[in-house]
Structures are given as structure tokens and as C-alpha cells.
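Colleague: What follows is a single structure, and I will ask about it in a moment.
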Amino acid sequence: MKTFRHVDVGELRMTSVSLSVNGMPECRIVVYTPDDEETARRTALLRERRERLWPPHAARWITGTTKNPAP
Numbered sequence: 091m092k093t094f095r096h097v098d099v100g101e102l103r104m105t106s107v108s109l110s111v112n113g114m115p116e117c118r119i120v121v122y123t124p125d126d127e128e129t130a131r132r133t134a135l136l137r138e139r140r141e142r143l144w145p146p147h148a149a150r151w152i153t154g155t156t157k158n159p160a161p
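Taking the numbering used here, the leading residue of the sequence shown gets 91, the next gets one more, and so forth.
Below you can see the structure in the form of C-alpha cells.
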């Protein structure tokens, strides 16, 4: 279990699963899921937020500089 502290919703307790990427031994994908009902409720609050968490130009910069960005 890993604990994150978010400025708006407080403490988030998450369980992680680390997955390997076939053909890329140096890469891993880590998936975090809520460890309890309170964390699930708090992450739902974050998903409902309508405002962006970064400036509009940041998305263009990220996709423009990332190798093989997701579609």
C-alpha cells in the first residue's frame, strides 16, 4: 500500500500492481487502485473535476515531445 497526499482531497491510500511490458525489459507499468472505500470516494471526486489540472499548452508540449504518444 502506498499513501499519496492530494492538496484538494487529502490522503489517498492505494494498492499497486506492477506489470512488465513484453519486449521492453526496462519498462514497467504501475497501476494504482484505491485500497479502501474512502479513497475510492476521494478519487471519484477527482475524476468529477471539470477544470484542467495543467495549463492547456502543456498537453501540446507533452504529446509533441513524447515518443510514440498514445492516440
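The C-beta atom is built at its ideal place from N, Cα and C for all residues, glycine as well.
If you drop the 5 nearest sequence neighbours on each side, which residues of the same chain put their C-beta closer than 8 Å to that of Thr93?
Modeller: Result list for Thr93: Glu101, Leu102, Arg103, Met104, in chain order.
Colleague: Could you check which residue in Arg132, Pro115, Glu116 has the C-alpha nearest to that of Thr123?
Modeller: Out of Arg132, Pro115, Glu116, Arg132 has the C-alpha closest to the C-alpha of Thr123.
Colleague: How many whole angstroms separate the CB atoms of Leu109 and Val121, which I take to be in contact at a CB cut-off of 8 Å?
Modeller: That belief holds up - the Cβ atoms of Leu109 and Val121 are roughly 7 Å apart, short of 8 Å.
Colleague: What are the boundary residues of the beta strand (DSSP E) that includes Ala103?
Modeller: A quick correction: the sequence has Arg, not Ala, at residue 103. Looking at the DSSP string, the run of the beta strand (DSSP E) that includes Arg103 is 100-111.
Colleague: Tell me the residue span of the alpha helix (DSSP H) that contains Arg139.
Modeller: Where Arg139 is concerned, there is no enclosing alpha helix (DSSP H), given that its DSSP letter is neither H nor E.
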